[in-house]
Every structure is written in C-alpha cells, then in structure tokens.
Amino acid sequence: MKRFLRMFIWAYIITFFSICLQFGNSSFQVSAWSETDIPVHVQTIGGYARDGQLDTAVGVATDSTGNIYVVENTNNRVQKFTSSGVFQLTFGSYGSGDGQFNTPFAIAVDNSDNIYVTDRYNHRIQKFNSNGEFLFKFGTNGTGDGQFSYPIGVAVDDNENIYVVDALNKRVQKFNSSGGFLFKFGSSGTADGQFGNYPWGIAVDSSENMYVTDPNNRRVQVFNSSGVFQFKFGTDGAGDGQFWGPNGITLDDSNHIYVSDEGNNRIQKFTNSGVFELKFGSNGTADGQFSSPYGVAVDSSGNIHVADSSNRRIQVFNNSGEFLQKFGSNLAQDDGYFSAPNGIAVDSSGNMYVVETSNNRVQKFDSNGEFLLKFGSNGSGNGQFNAPNGIAVDSSGNIYVADTNNSRIQVFNNSGVFQFKFGANGAGNGQFSGPNGVAIDSSGNIYVAEVFNRRIQVFNSSGVFQFKFGSSGTGNGQFNNPYDLEVGSSGKIYVADFGNHRVQVFDNSGVFLFKFGSNGTADGQFNFPRGITVDSEENIYVGDKNNNRIQKFSSIGVFKYKFGSYGTEDGKFKYPTGLAVDSNGNINIADAGNSRIQRFIQDRGAPTGSLTINSGIASTGTSSVTLATTATDELSSVIDMIISESSEFSGASWEAYATTKAFTLSAGEGTKTVYVKYRDTYATESVPFSDTIIYDITPPTGSATINGGDSLTNSKTITMTLPATDSFSAISDMMLSESDTFVGANWETYTSSTVFTLTDTDGTKTVYVKFKDVAGNISEVYSDTIMLDSAAPTGSFLINSGMTLTNNRALTLTLTATDNLSTVAETIISENADFTGSSYEAYGVSRVYELTSAGDGIKTVYVKFKDALGNESITYSAEIELDTTAPPAVVITHIGFIHSIPNKTRLFYYFTSQVPKIKGIAEALSTVHFKPLLGSTDYTVTADNKGKFTIIISDPVLPRGSVSLDYYATDSAGNKSVTKTLNLVIGEEHFPKPEGTNITEDSTLVELPETSVTEPPTPSGIESPTPIMPSPKYVTRIEQIDTNSFLSEFRVKLIDEQGNPLKGVLVSLHSELQQATTDILGVAIFKNVQVAEHTLAFAYKGEEIEKNIVVQVATLAAKEIELEPVIVTVRESRSGLVYFLIGLIVGGALLSFILYRRSRVRK
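In terms of UniProt numbering, the sequence shown opens at residue 1 and continues consecutively.
If you want it as structure tokens, here you go:
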C-alpha cells in the first residue's frame, strides 16, 4: 500500500512539473487564433422563438380592433396577433436598450392602441405604438418615487394615466400619461391595503377604482382613485372564490372581474363587488385546461383571453367560460422539439442523440438535423427514464443514458432498443446518487459523473465497476456537483466541476493532472460550467451555463475563443448545457433554456472572395480601372493577393491585401479578364476569382423613327423607335430633345423603344437623339419628323329626318361631320352617354340604328366622331319618342238606333240604310278606320280627347246586300289596334214596319247569333277567318217576344248530324243561371230570358260545347222564327272547302229568310 502511495505521489509531482515546464518553455508553440475566428451558426433544431410560437406567454392584452398582444418573458419580446390568432408582427429582444427587454411580464393598451410593457429586470416601463415602435420609457431601479424594484403589473385608465405594481417595493404607483409620478400606496404586510411578497396584477375601472391581486395573501384588494382601501375578497384554498396564487386580473365593460388563479389552474369571475359568479379551467393540456395561467384580458366583444404560460399558448373563451379558440404552440413533446434538452452526443456517422430531461426521452437526428426516431417515457422500467441528463455513444453505436432520478445507466442499441442497465441508488461502488454525465473511452469503458456523490466512477463495457475517484470539496481532484465529463483520444478525463466553476483534467487512472478556470465572466472564467466535450485534437469546449456562452481551450487549458451571449436569437443561448463535436468539426450545443439544439461550424479552409472591375460596369473607355477585391477567412485573416490578366498569373507577384486596387488594362479594344487570388495567415491560397470588362473607345451608331414612320399624329405622346449598336460594348444611355443642341435634356437609360412627349403647339415636330455606350462613347445626332394634329372633328346628326315620334325601333340617323386637317374616319353610336358596350365603326352619312333599350318612351341617342388620327369629338345627342304600344280595340256602341252593341270581334246586323251612322269608343285622338273587305275605300274619323267617335259611312255609300267592314284604330305613332269585322246585310228602303212595333227604318230586324262555333255569313269570295267546330246541329227558336226587353220563353233544339233530336241533354244558360233538359224532340225551354248576350253550354260525347247568343227584340211579335240548323263537328276539324260550304249554307238561309219576309209584306 505504501509503495502504491509513493508511486502515486511521484507520478503527481512529475506530471505537475512537466506542465509547468511546458508553460515556461519559450519554444512552446500555440496556434494563434484571431478573435473573429469563432464558429458560425448554421442550424437550429426545435425552439420556441419563431414568429407565432410562444414560450412562457405571461402577459396578454387586446386593442380597440381586437388585435391581441402577448408578452413572452423568456423570449424577451411582444408578439401581435389578429383576433383570430394570425401572427402579425413581433418586437423586442434581450437587452437594456430602448425597445429591448430583460424578462418583460405584463402589458396594457390605451384608448389610442399604444402599448405599455413592464420591463421587469430593467426596472422600467416602456411605451410603444401599435406597430411596436418605441415611444418612451420611465423608471429606474430603486425605492424612491418613480423608481421600481421588479415591476410586474401595469394598467392604463381612460385618461391614459398609468398604474404600475412595484412588486418588490410592495406598492402601487400612479403616473400621468407622460410617465410623471402622481402618487403611491401600499406597504409590506397582511393588513388591509398592505401587500405580501410580489403583488402582481392590476386593473382600473371607468371610475379609476383599482383592483390589485395579492398572491401571497391569496386575495384581491380594491382601492378608490386616491389609493384608499375599499374592500377585499378571496382566501387561501381551491373553493369557489378562493385563490392559490391570483396573478392576472382584468375587467369587462360591465365591470365584471376576471382573475387568473394560477395555482388552481383556473379563471374565476366575480361581480364588481367581489361576489363569485363562475369559474372555468383545470390543470392539463386539453382545450380549456391550463398550466400556470398568468395574464388575462377581455376584448370589446366580451371574449376572455388567457396567457396559458406553461402550455405556451393563448386560449380564448366567451364570457360564460366556453372555449372558443387557441393559438401559439405547445410543441415540446412533438418530434423534433424539446423540453429541457440537457445531453447531446454524436456517433461516427454524424447522427445526433439528444436526451430531454423533462420529456424523459431520447431523440435521434441524422447529420442534417432531420428527425429519425425517439425512445423512452416516464417511469422506472427498462427503457423508461426519470429526469435523464447525460448521454454518450460508443464506436459501435450503442447509446448510454444517465437516468438521473432512477440512479442508473441504461444502454440501448442505435435503434433505441434496450440492451441492459446497471447501477442503483446509493453511495457504494456501482451505486449512484444523481448520475448526470456519461462518457465512453476507446476501449469501451464507461465513465459516470455523479452530482450528489461528487465523484467519478469507471465501469467496463458490461457495466462492471472498475474504480472511482473524487470526493466533495474544492481541492484538486475534489468536486462540487460534477455535472459532465468527457474522455479524449489520449485517455485523459475532462470534468466540468460545476459548483467549483472550473474544469479538472485526470489521466485514465483518475490521477489529477491540472485544472483551469475560476468564478467570473472574463475569458477563461466560468459561471457554473455545465457541459464539456473535446474534439479530435483534444481542444476543450465548455458550456459556460450562467454566462450563456461556449468557451474553447487548448488541450492544456489555454483559452482560445468564446462565442454566444444571453438571448433567443440564433447564436445566442439561454443556459447551454450539453455539447458534442462531430468528426467534421461541427459543434452541437444543447441550448436548454431555449428548448433547442444549435449547430455551429468550424472551417479551416482557404479564404473566399470576389473581384469586381469598376463596380461591375460592363465597359470602359479608358484602360485605367479600379478593382474591388473582397475576401474573408473564417479562422484567420486574409494577408496577400496576386492580380493578373493571365489565369496562370504569369509575371505577377503577391502583394499586401487591400480592398481596392488601381489596375491598367493591356492595350487593344475588346473583352478584358482580370484574375485575383487571396492568401490567409497560414499561406493557404484561394481559388482564382475573376471579372471581365469590355475596353471600348468606338462610339455607337443608330437611328430614330417616330411612330413607326407615320407622318401625322394626334397625340403629343409619341413612340420613338431607337435601334442602336456598338462594336464592343452595349448601349447604356440615350438623350432625346426637340432641340438639336439638346437644351435642358438629360441622359437616360437606353431602350430600343421609348415614349416621348412633344411640345403643345400643332405643326411639324422634329425629335433629335444621340446614344452613349457603357464605355462612355457618344454617337452622332439622329432625328425624325412628324406632323402633330390634336384638333377633334365637329359634327351633328338627325334621327328620322328630325321626327320626334316613331313606332319603329329601327331609326335612320343622318350624320354630318368634318375635320380640319384630316378626314372623319369613324363614328360610335350608343344609347349610353358613356358608350358602354359600343364600338367605333366606319363613318357614313346615313346609318340605320336599332334601339336597344327596353320599353317605350323618350330615347336619347349619342354619337361621337373620330378622325383618321384618332382625335375624338365631343358627344352629340338627339331624342325621339318610341311608341310601340297598339291602341285598344275599337268598341262600337251604336249602329243607327241600335244600342247595347256587344263588344265582339265580329258583329252581324241587318240594315236598310246605305249610309249607316256608327258611334263608338277608341283611344283618345286615335284615327278609327272602317274598310270594306272589297275595294280600297277607307272611312276614317278621329276620336276626341275622351276617345269617343261618330262616323257616317257615306262617301261612297255602301252597296245593298252583304257588306263586311274591317274596323280598327291607329295612333299618332302608326300603331294599329286589333281588327274587328262588322257584317251588314243592307236591304231595300221603305221596308214595311211590322204591326204593333216601334221599329224605325234603320232598326235591325234580326241579329244572327255569333259564337265560337258558328260561322256568320261572309260575302262571296271572302274566306271566313273563324274555324268551324265539331257537330251536333242545333236549332234555336225565339217565341212570344216581349216589348219589355224580356222573352217570356226561349227554346233551344239539339239534333245530331242525321237530324235526329238529342234527348236528355242538359243545357245551361249561363247569363241567366238557368238549366233545362232537352225533351224527346231535342228541345230545351228557358223562361223569362233577358234581351242580352248569353252563353249556351252542353256536353256532347265527352266534349264541352259553348255557344254565345245575343238575343234582341225581334220584328215579329208573338211569331216564331226558325233558323236553319247549324252543323257543328265534334271529332275532327274541317278543311277550307268545308268552311266554304258551310258559309254557302248559312248565306242561303239568310237569303231565304229575307225573301220570306218580303213575300209576307206584299201579301
């Protein structure tokens, strides 16, 4: 034992002096690294600092338009969302400058939508506009008026006074809108008006009463506008109206109070007097559940917005506590996202393994950072974890996890399949208390750093205990919470001695070699070093946790560089822990506080750069050029450069690097290429970089054409066609002017076609142009001319030769237009003043135009003219009245002395006078026409302004016999009413008057009934227009005629086509509402029938038949008149010949009747 002890001491002494000699030897070489030679950030995996994602959302407020503002204290920023949760903007970052934050907490919005944020660790309030632009700040650290100690809550009243909960000073301060101190109230304690540690939220009603949450006293206190205590509500507990950590508070428009009860994970609603109304929420991650709710806000619609901080989201509820929506993110358990990633390792293929303490799992990513697989869950079974921290991978790809709270090491293959485990809770050999770091050497031995046993244990590859070293303390080889360790390729063991703020190095037997570091922030000092790793050259990388940076040291602990600072941006850290360097020199860092992995790259490559001649101009007119030589090197400095027109750099020499260089091109026009190479501190040469330029001293040539060669234009705006070429370079500029000396003109960018504006006066215009190439050579002057004519044509037009009324939609337009300098080429016509839907057409002096607008009335037509140059006239217009409505049908009211003329299309009367007098009604002021069917005579009369007319058919007189007169009306527009027919049989004069009657010479003797089924007599040669309906025949009899306008009896006889009577047919007389059934002779008898128009109706063989009959006073009293039967066919229609035969039959019957009467008179 003594021998072993002596050997240990001698080994320690020799090692110590060898290190001292190394530091003291002037010939010892250390690679020089520039302060800029820090790794470059290349990738972030996971994290919650992306736009629209939330990490510890603690404050929430809404503005007048429903926008939502969310404070993230860990990301030191405010995000703005729409009312539906769509990201709009973000502002703020870590720091103490204007617009920067250090753990912001609460937020308020005033009536102008300005934003107030409590900047907690900067002990101030900052004000921003709604776009996140900084306006002003007030407050400093202290206890005086207007000073703060970690302010939390903030509110703004309707007058924009600002109220701040000054947490550690245990008071509320009130300020005016400019941040000027007004008054304060509150002190430490539990009495009314006093506050426990950290009074939190504040809300102000319209009367400026203040509602303050007092979390440690588990209550809400209410004060008046002067800060005088009014009342309180709430006690400690989980019941209704009780609190366990009331934090956020807000009021709705009705002064209901909403309080975020953080410890109970719920929101409670109270009346403005503190009476409990309702609650909602419970612990969890589902919709409507919370994990540490803080801020609460109510929008103008009464919706409640809750900052669900640990769930990293905002939840929105209606005023009854019903869930509406959520936004933000709670991605910590999703693939590729993390919760407390503390350990990281990389295998030989570049795959990365991350152990998550809070999620109790390991995630595997490929070398590009793409998620591959995960394994592990919370528990103590095989493959389960309880707060794991460290991880390592051996050369075979096996994964070793320090399962901290289960006090063991678990081993998995590279697919995450459990292999074996070792260790148990305790302080004995092979037992663990807080195993945190794990490392594997080249022989597969396993090294475990125990935080609470403050030692390192070494096991073989099967997990069998080999030896241990270390104890609690501050001496060499002693530890204060050793969190992580690494084993280099040399076998040295590097330990992050967390609580002692240092790194200790041991040989592979656990013998102390040296240490470096102390507590502080300077280079080489540490503030709780948490992670450690080494690269292939055994450079040492330390995660300096509370300094939020990574430091790099040589293998003997000499500081090389540092990178990182506190923040959420890429390249910044929030408590970095685990580190791993892969075979490509990439540094992978577990940025635990930001829940992400950041990857940085080290590059020892050659410098990179570029070369630009004359700022990138394509051509030059001089051989002297300026080179812009830009070059960088990631790990050292650019020292030299070499320049030549030869890609082989023949004859060129290295010279000191400079960012600009004057250079002379070789003789001769044409394309010139210049090459450059750069060399860094280590004499590493870059690849050649080059740029080209055209050396050109020959001016360009070109031409100018106006409007494609047109000789005339009506527009001052013309198009110039400007083709130009250059022998060696491109055309860069041109100058245009109406002055051949280019007075007032400027060079402009060349284009082969451009728009140019002529001066105002009409006449011959000349435009001059010259060109310049990129080398600055200027061409001769080119020009073209054109005649400017901007005068519009003039004209007029008439509709239908000036008529004011028409019944025809087709109008004739007479167009007249002239132009001073050219011809009238086109016209456009429309009924719309803006000519919507119309197009120009060729001009002509006459044009038929069809009206398009619907309906009759005044129609306005608009016309414009355009000359050959496109000049457009003013709009001309004219009106005409369109009347296409036919007048109503003419109604005859009197024929001679006959009154009560039925209003029917065809009338049949017997008349004795050849000069009948006819009265009737037509459209007022219309012309009434009576035209015999034979001949061309047109008897006309104009109705008066009431529509009445009287006409005597006299010139010429009507012939005796059968006469048919078509009669109708025409209005002033020429519209024609329907045509009716008056059929007259004009007998001889001096017709003897029947005895016992008062009938005059002009009276109708017999009216022949006309119906839809009976064709009246028609003059010979005129085809009847009315079709003949089907049979049966029937006979009507008029008997015992009364002079009192009633017939005492009216008979109808029905017979079939063979003349057989139809018995038992029910006949209806609609006008008198009478019915009768035919007897055995086919006769139906109606009593007391009024002299008027009647409708007879009956059914025959399934067909309904109607007949209109006009019954008038007959000429023979108490005598019977029998008409010949009229045949009506039911089943089939008749041809034109049949209609003609029927007409002959009816005409014969009428003639027989007349002859019969005449013979009786003579007797």
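Virtual Cβ for every residue (Gly too), placed ideally from N, Cα, C.
Under DSSP, Ser188 shares a beta bridge with Phe195. If you compare the alpha carbons of Asp640, Ser666, Ser926 with that of Ser646, the shortest gap goes to Ser666.
Thr905: not part of any beta strand (DSSP E); DSSP gives it neither H nor E.
As far as DSSP is concerned, Gln100 takes part in no beta bridge. The three-state reading of DSSP puts Gly46 in strand, counting E and B together. Residue state for Glu569 is assigned as coil, using DSSP reduced to three classes.
Contact annotation, Ser690 with Thr673: C-beta distance approximately 6 Å; criterion of less than 8 Å satisfied.
From the listed residues Phe514, Ala868, Ile267, the smallest Cα separation to Ser711 is found for Ala868. For Val220 against Gly239, the beta-carbon gap comes to about 15 Å, at or over 8 Å, which does not count as contact. Here DSSP, grouped into helix, strand and coil, assigns Ala606 to coil. In this structure, Thr717 sits near Thr757, with a CB-CB distance shorter than 7 Å. Between the stretch 940-954 and the stretch 911-927, the count of Cβ pairs shorter than 8 Å is three or higher; the stretches touch. When the five nearest sequence neighbours on each side are left out, the beta carbons in the same chain lying within less than 6 Å of the beta carbon of Phe422 are those of Ile409, Gly463, in order along the chain.
When DSSP states are grouped into helix, strand and coil, Asn983 belongs to the strand group.
In the same chain as Gly776, and ignoring 5 residues on each side of it, the C-beta atoms closer than 7 Å to its own belong to Gly621, in chain order. Partner residues in the beta bridge of Gln410, as assigned by DSSP, are Val401, Lys421. Here the stretch 839-856 does not lie against the stretch 692-700, with fewer than 3 beta-carbon pairs under 8 Å apart. Distances from the alpha-carbon of Val915 to those of Pro959, Gly477, Gly241 put Pro959 closest. Taking Val58 as the centre and dropping the five residues before and after it, the same chain places the C-beta of Val71, Asn73, Phe105, Tyr294, Gly295, Ala307, Ser309 closer than 7 Å to its C-beta, in chain order. The beta carbon of Val845 sits closer than 6 Å to the beta carbons of Leu815 from its chain, once the five residues preceding and following it are set aside; these are given in chain order. At the C-beta level, Val275 and Gln268 stay beyond 7 Å of one another. Checking the DSSP bridge columns, you'll see His929 partnered with Thr940, Tyr968. Cβ neighbours of Phe797 within its own chain (closer than 7 Å, five residues either side excluded): Leu813, Thr814, Leu815, Thr816, Val863, Tyr876, Ala878. Inclusion of Asn398 and Asn436 in the CB contact set at 7 Å is not warranted, their separation being larger than that value. Judged by beta-carbon spacing, Lys770 lies within the 7 Å limit of Met735, meaning their Cβ atoms are closer than that value. By the neighbour-count criterion, in which 16 or more other beta carbons inside 10 Å mark a residue as buried, Glu1104 falls on the exposed side. Short of 8 Å from the beta carbon of Gly702, and not among the five residues preceding or following it, lie these beta carbons of its own chain, in chain order: Leu722, Pro723, Ala724, Thr725, Ile731, Val769, Phe771, Ser779, Tyr782.
Taken in chain order, the whole beta strand (DSSP E) runs of length 3 or more contained in the UniProt repeat "NHL" (466-509) are 482-487, 493-497, 502-506.
Ser962 is positioned such that its CB atom lies no closer than 7 Å to that of Thr981. Beta-bridge annotation (DSSP): Pro576 is paired with Asp591.
The alpha-carbon separation between Ser226 and Met210 amounts to approximately 9 Å.
Cβ neighbours of Thr692 within its own chain (closer than 6 Å, five residues either side excluded): Thr671, Thr673. Here the stretch 191-211 lies against the stretch 151-163, with 3 or more beta-carbon pairs under 8 Å apart. Relative to the Cα of Gly92, the nearest Cα in the group His123, Phe128, Thr82, Phe81 belongs to Phe128.
About 19 Å separates the beta carbons of Tyr337 and Ala345, which is beyond the 8 Å limit, so they are not a contact pair. Per DSSP, the continuous beta strand (DSSP E) segment holding Val534 begins and ends at 529-534.
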